[in-house]
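Now the structure itself:
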């Protein structure tokens, strides 16, 4: 529901601001809103899982591969999306922005990984199919990056009604995933909660026309999930990710 409220707000804002006239460039600054989608790639990561129930366990899946849900092949559900709200200070070519990335993470089932640790006190150490102990693992309602970005921008070319801008962003913030897992036969569908942090850099071109903009960009991020929840326990992992993002937006003088 929040996604649709945001989209509605975006189009209402776009309709209002297009009724105004004048240049984007002002002495005070520009308030903007954007919404888009992305394709994301993940590095391999070590997935550490601890269970305090029966059976008890403490083991790690080494160098696990994962994928996103860009084409909705996994769930058929909501798309991966991004939204942002920020402010440009024109005198300093500087800005600040809040950015939310609804990224989805699915452990690939078609792999074997080294599995090291204990189950019920018995040691395990071997190359095993990932589904031997972890039947399913996904941050499927989002691994969810929330970032406060500092933005530096440079005007590349301008006409009376349009301009092309290069942007560089750097930010940090929390991750709050909703994890869905089945481990040793026990299923758990988690609730949203802060589980760690993410830091990222992003660069791209922004084409402004009247009071709307289109922006393709690339983001590189490091995400550290220090404590997400599973049935009778918890887990942790960290990864690097790369995102190709396409956004549209509205801006107000």
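Numbering (this note's numbering), first residue to last: 213 to 465. Ideal Cβ placement from N, Cα and C applies to all residues, glycine included.
Cβ-Cβ separation between residue 377 and residue 420: approximately 7 Å, consistent with a contact (criterion under 8 Å).
DSSP, reduced to helix, strand and coil, places residue 276 within a strand of the structure shown.
Of the candidates 447, 439, 426, 430, 426 places its Cα closest to the Cα of residue 247.
As DSSP reads the structure, residue 387 sits in a beta bridge with 357, 408. Contact annotation: the region 266 to 279 does not touch the region 424 to 439, with fewer than three C-beta pairs closer than 8 Å.
In this structure residue 326 is in contact with residue 339, their Cβ atoms being roughly 6 Å apart against a cut-off of 8 Å.
Excluding its 5 nearest sequence neighbours in each direction, residue 270 has C-beta neighbours in its own chain below 6 Å: 262, 329, 330, listed in chain order.
The Cβ atoms of residue 358 and residue 402 do not sit closer than 9 Å to each other. Taking the CA atoms as reference points, residue 353 sits about 43 Å from residue 372. Apart from sequence neighbours up to five positions away, the residues of its chain that approach residue 444 with a beta-carbon distance below 6 Å are 263, 264, 265, ordered along the chain. Counting only the Cα atoms, residue 390 lies some 15 Å from residue 293. About 29 Å separates the CB atoms of residue 301 and residue 454; that is not less than 8 Å, and the two are not in contact. Partner residues in the beta bridge of residue 398, as assigned by DSSP, are 395.
DSSP lists no bridge partner for residue 347.
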